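Chemist: Chain order of the listed sequences is A and L.
Just so we're aligned, residue 1 is where the first sequence starts under the numbering used here, counting upward by one.
Just so we're aligned, residue 1001 is where the second sequence starts under the numbering used here, counting upward by one.
I'd like to ask some things about the structure below.
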Amino acid sequence: MTIKELQDNIIEEFSLFDDWMDKYNLLIDLGKELPVINPKFKVKDFLIEGCQSKVWLHPEYDGKLITFTADSDAIITRGIVALLIKVLSNRTPDEIIATDLYFIDKIGLRQNLSPTRSNGLLSMVRQMKLYAIAFNAKNK
Amino acid sequence: MKDIAEIRADFPILKRKVYNKPLVYFDNGATTQKPQCVIDAVDEVYESYNGNIHRGVHFLSDMSSEAYEDAREKVMSFINTEKREEVVFTSGTTGSINGIAFSFGERYIKKGDEIILSRLEHHANIVPWQMMCERKGAVLRVIPINDKGEIILEEYYNLLSKKTRLVSVTHASNALGTVLPIKEIIDAAHSVNVPVLIDGAQGIQHGIVDVKTMDCDFYVFSGHKIYGPAGIGVLYGKEKWLSELPPFQGGGDMVDKVTFEKTTYNELPFKFEAGTMNYPAAIGLASALNYVLSIGRENIASREQELLSYATGRLSAIEGLKIYGTSDRKISTISFHLKDIHQYDAGMILDKMGIAVRTGTHCAQPVMDRYGIDGTVRASLCFYNTKEEIDILSDGIEKVKSMFA
C-alpha cells in the first residue's frame, strides 16, 4: 500500500466513530498491535523528549528501507506511535522525508491533544524524519 | 453562607460543557476559576478608567493609581499587616521567590552558607535558590519527608546550623496536599535568628493567613490561585528585610540615574515594583479577596475539608487506586495512581468525560522521586466543587480501569 492509501485507511477507520471514547478505544487497540521493540533499545539514546509519557523509537536501516520499532509507557501514546509506524515504517528515507502526514489533522488528533501532548506527537514525527535525513546523508 | 448552587452561579465557567459533558473542574491547584465580580472588575478598568499607574497627572491615571493602591490595602488587611511598605505586587509566586532569592543572595549570602528547603517544594521554590547558590557558592539543604508525605521535623531541627541563612518552605504541598507545620518551622528558625519564607501558592486560598500571628518573614502567593486574574502575585516581607534588600529589577545602582518621576523607586514597596505593574490584575485580585471574604474563609476551609474527606473515602474504595499524601493535615488535593495504568492515559480519558485533572509530576519531581514514581493523577478541589462531582470522578476512574484492563 502507498503511504497515501495507508493514511486514507486510517482516516476512514477513525471516521466510523463519533464518540471520543470510541476513538480512544481504537487507539488503545492499535497500541496493542505495535511491533515489539528490542528491550536493549529502551534506553536514553532512543528516548524522545517532549512527551508527557516516555516514548522510545528505534530505526533500523538496511541500506534501502527504514524499519521503526517503538514503545511507550502510556497505552494511548503507544497507539499514536503505532499509527505513525504503520505509515512511515518500511519506507525509504526519501519517502519518509517527503511525506505529509495529513491524517493526524483529519482524525482530529492534533486538536484534541493538549499542547504538550501535541508537541509529543510532533516530536515523534520530527524524530522519524531526522533519522531519515541522517540515513540519507550517509548514502551521499 | 451562600448555598452551593448560589456559589456555583457566581462562576460563569462552571456552567460550560466540554465534549458535551458538564465540566468537572478538579484542577484548582493549577489555577482557580473566576467569579463574575472579578471578571467585571478587570473589564471595568479597561472600559472606564484605564491609565498607567503612578505616572500621569491626568484623571484616568489618578483613578487607576488609586484603585491599585486600594488593592494593596485589601491585600494588607487580608493577610493582616498595617504596613503598605510590606506588600509588594509581583507577577506571581514564581516572580516573588525569584526576586527574593536574587536580592537576599546579593545582600546576605556568602560561600558556604546554607538555605533550607523541604522535599515537598514546587520547582518554583527550588530552582531560584539553586541559581542563587550557584552564583554565591552556597548550599541547599533539604528536609526529608516520611511515607505519609509529611516533613520530618526532627531532621529539620538537625539541619539548622550556624551556616543557615534562610528557610524557604511551602505552606502546603501542591503535589500531595500536605499542610506543613509552619509555626514549628518558623519558631525554630527564629530561635537561631534565621528568617523564613513561606510559599503560599497552595496556602492562601484554603484558610486564614495572618502573617502577624504566623510571624513569617516573607509570604508569597499568586492571584490566579485565589480566584483572581493571572499575572499578579504578592510578596509580603517584613519591613526590616525589605528595606535592607536591594531591588531585584532595574538594579540598585541604576536607580539613581533614572531621571523620570522615579524617585519613588527608593521607597518601599515601590522599589520592588519596576516597570508597569499588572494593575488591572491587582484590581481584579482585590475583588477576588473581597469575594473570598464574602463567602468566609472559615466556611471555605470547612467546606473543603468536608469535600476532601468525602473524596478520600470514595477514591480509597477503588481497587488498585493508591493515594499519595496521607497526612492528617491536608488541603483539598488528592494525588493518586492507578495500578498498571499510566497517569497520562487516565488523564486523557477523564478529560473526555469532562473531568479536568492534572497528570504528571506537578512541577515537584523530587516528591515523585521520593516515592519512586514518575507521576500521579491529581484532583485538586475547592469550595465550589460538589460531592456529585466527586461521584462523577469516581465513576470515571472505574471507566478508565475498564478501558485499560
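Idealized CB from N, CA, C, for every residue including glycine.
Every value quoted in this text rests on a predicted model; they were computed, and no experiment measured them.
Just to confirm the assignment, what range does the alpha helix (DSSP H) spanning R1107(L) have?
Modeler: From DSSP, the alpha helix (DSSP H) with R1107(L) extends over 1093 to 1108.
Chemist: Can T1170(L) and L1235(L) be called in contact, C-beta distance under 8 Å?
Modeler: No, Cβ-Cβ distance for T1170(L) and L1235(L) is not below 8 Å.
Chemist: Which residue comes first and which comes last in the alpha helix (DSSP H) that contains P1280(L)?
Modeler: Residues 1279 to 1295.
Chemist: Between L1160(L) and K1225(L), what straight-line distance do the alpha-carbon atoms span, to the nearest angstrom?
Modeler: Using only the alpha carbons, I get a separation of about 31 Å.
Chemist: Alpha carbon to alpha carbon, how far is R1358(L) from G1177(L)? Give it in angstroms, no decimals.
Modeler: Rounded to whole angstroms, G1177(L) to R1358(L) spans 14 Å at the Cα level.
Chemist: Check whether the segment 1332 to 1349 of chain L and the segment 1209 to 1224 of chain L touch, using three or more Cβ-Cβ pairs below 8 Å as the test.
Modeler: In short, these stretches do not touch, since the Cβ pair count stays below three.
Chemist: Using the Cα positions of A1281(L) and E1273(L), report the straight-line distance between them to the nearest angstrom.
Modeler: If I take the Cα positions, the gap works out to 14 Å.
Chemist: Would you say S15(A) faces chain L, with C-beta separation under 8 Å as the test?
Modeler: Chain L contact via Cβ: absent.
Chemist: Indicate the three-state DSSP secondary structure (helix, strand or coil) for H1337(L) in the structure shown.
Modeler: H1337(L) falls in the strand class under three-state DSSP.
Chemist: Enumerate in chain order the residues of its own chain whose CB-to-CB distance from I1397(L) is below 8 Å, with the five nearest sequence positions on each side excluded.
Modeler: Correct list, in chain order: L1315, I1318, L1321, L1338, A1346, L1350.
Chemist: Any C-beta of chain A sitting closer than 8 Å to the C-beta of K1074(L)?
Modeler: With 8 Å as the cut-off, K1074(L) does not count as an interface residue toward chain A.
Chemist: Any idea if G79(A) is buried or exposed, counting beta-carbon neighbours within 10 angstroms, 16 or more meaning buried?
Modeler: Buried: at least 16 other Cβ atoms inside 10 Å.
Chemist: Check whether the Cβ atoms of D1010(L) and P1035(L) sit closer than 8 Å, and answer yes or no.
Modeler: Yes, they are a contact pair.
Chemist: Using DSSP with H/G/I as helix, E/B as strand and the rest coil, what is P1035(L)?
Modeler: Reduced to three states, the DSSP call for P1035(L) is coil.
Chemist: In chain A, which residues lie less than 7 Å from K1339(L) when you measure between Cβ atoms?
Modeler: Here the premise fails: no neighbours, minimum Cβ distance about 14 Å.
Chemist: Relative to the C-alpha of K4(A), which residue among D105(A), V87(A), K40(A) is closest?
Modeler: The shortest C-alpha separation from K4(A) is found at V87(A).
Chemist: With distances taken Cα to Cα, identify the nearest neighbour of R1141(L) among A1124(L), K1148(L), F1270(L), R1165(L).
Modeler: Comparing Cα-Cα distances from R1141(L) to each of A1124(L), K1148(L), F1270(L), R1165(L), the minimum goes to R1165(L).
Chemist: Looking only at its own chain, which residues have a Cβ that is under 7 Å from the Cβ of L27(A), when we skip the five neighbours before and after it?
Modeler: Excluding sequence neighbours, L27(A) sits near I76, G79, I80.
Chemist: Counting only beta-carbon atoms, is D73(A) nearer than 8 Å to chain L?
Modeler: Yes, D73(A) lies at the interface with chain L (some Cβ there is under 8 Å from its Cβ).
Chemist: Should Q52(A) be flagged as near chain L, meaning a C-beta pair shorter than 8 Å?
Modeler: By this cut-off, Q52(A) is an interface position.
Chemist: Where G1105(L) and W1129(L) are concerned, what is the direct C-alpha to C-alpha distance, given to the nearest angstrom?
Modeler: If I take the Cα positions, the gap works out to 9 Å.
Chemist: V43(A): buried (16+ other C-beta within 10 angstroms of its C-beta) or exposed?
Modeler: Result: exposed.
Chemist: How would you list, in chain order, the residues of chain A whose beta-carbon sits under 7 Å from the beta-carbon of I1349(L)?
Modeler: Result: Y24.
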